[in-house]
Amino acid sequence: MKSPRERIIETTFQLFARQGYNSTGINQIISEAEVAKASFYQYFKSKEDLCVEFLNVRHEYWFSELNNFLAKEKDSKSKITKAFDFLVYMNGKENFRGCSFLNILSEIPMDNVKILSVIQSHKADLRNFFLELLNNDSLSDHVYMLFESSIIESQLFKSNELIEKSKKIVTNLIQ
1 MKSPRERIIE
11 TTFQLFARQG
21 YNSTGINQII
31 SEAEVAKASF
41 YQYFKSKEDL
51 CVEFLNVRHE
61 YWFSELNNFL
71 AKEKDSKSKI
81 TKAFDFLVYM
91 NGKENFRGCS
101 FLNILSEIPM
111 DNVKILSVIQ
121 SHKADLRNFF
131 LELLNNDSLS
141 DHVYMLFESS
151 IIESQLFKSN
161 ELIEKSKKIV
171 TNLIQ
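Quick note on full-length UniProt numbering: the sequence shown kicks off at 1 and runs consecutively.
Now the structure itself:
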């Protein structure tokens, strides 16, 4: 059996994915996670704190999944092209739910520094992921932008078509 904290995080993921951040209330999370209100507040002071923790857990999960997906690839170029296959894999696994970080970004005020900084940190880590593989600022930023736009477009159109096109572009860019 999962701990109350794990149930809260799991329920949060499901509700944020289905309803969005703003339309999900603490009472609904408490009810659907089947935890006591006191348990919720033992772990999280506010919905904002829950969101920060949710994003931190999501960050760890996402990069763990990415690294596991790429584990058999030997060189940087194959890791980069395979990263686009990872997006197709995640779309299949999560039904084109898109990027949790960008989904929440679209719902928070820009002065919410607490949540915004977690989102920015995740994106900086993804950008650095490509930079470490390519060791070339402008090229890695180009790949990063294609990767990011592929996530958004595939969510919008519920299709992997632009991921595949981006992968072809990237393959040509990094030869």
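The C-beta atom is built at its ideal place from N, Cα and C for all residues, glycine as well.
Just so you know, these numbers come straight off a predicted model, no measurement behind them.
Counting the other CB atoms within 10 Å of its CB gives G20 a total below 16, which places it among the exposed residues. The Cβ atoms of E34 and R7 lie closer than 8 Å to each other.
A straight line joining the alpha-carbon of I174 with that of T81 spans about 9 Å.
In the three-state DSSP reduction, P4 falls in the helix class (H, G or I). Rounded to whole angstroms, the separation of the alpha carbons of N128 and H142 is 12 Å. With fewer than 16 other Cβ atoms inside 10 Å of its own Cβ, G92 counts as exposed. In this structure, the alpha-carbon of Y144 lies about 28 Å from that of T12. In chain order, H122 place their CB closer than 6 Å to the CB of H59, counting only its own chain and leaving out the 5 sequence neighbours on each side.
By the Cβ test, the region 146–161 is not in contact with the region 69–77, since fewer than three Cβ pairs between them sit closer than 8 Å. Q42 places its beta carbon 8 Å or farther from that of R97. Under the DSSP assignment, M110 falls outside any alpha helix (DSSP H); it carries neither an H nor an E label. Proximity to S100 across P4, F16, E10 and R5 peaks at F16, based on C-alpha coordinates. Scanning the region 41–109 for uninterrupted beta strand (DSSP E) segments of 3 residues or longer gives nothing; none is fully contained. In the three-state scheme derived from DSSP, where H, G and I count as helix and E and B as strand, S140 is classed as helix. Beta-carbon to beta-carbon, L87 and I163 are separated by about 5 Å, close enough to satisfy the 8 Å threshold. Contact check for S140 against F84 fails: the beta carbons are separated by 8 Å or more. Going by DSSP, V170 is part of the alpha helix (DSSP H) stretching over E161 to L173.
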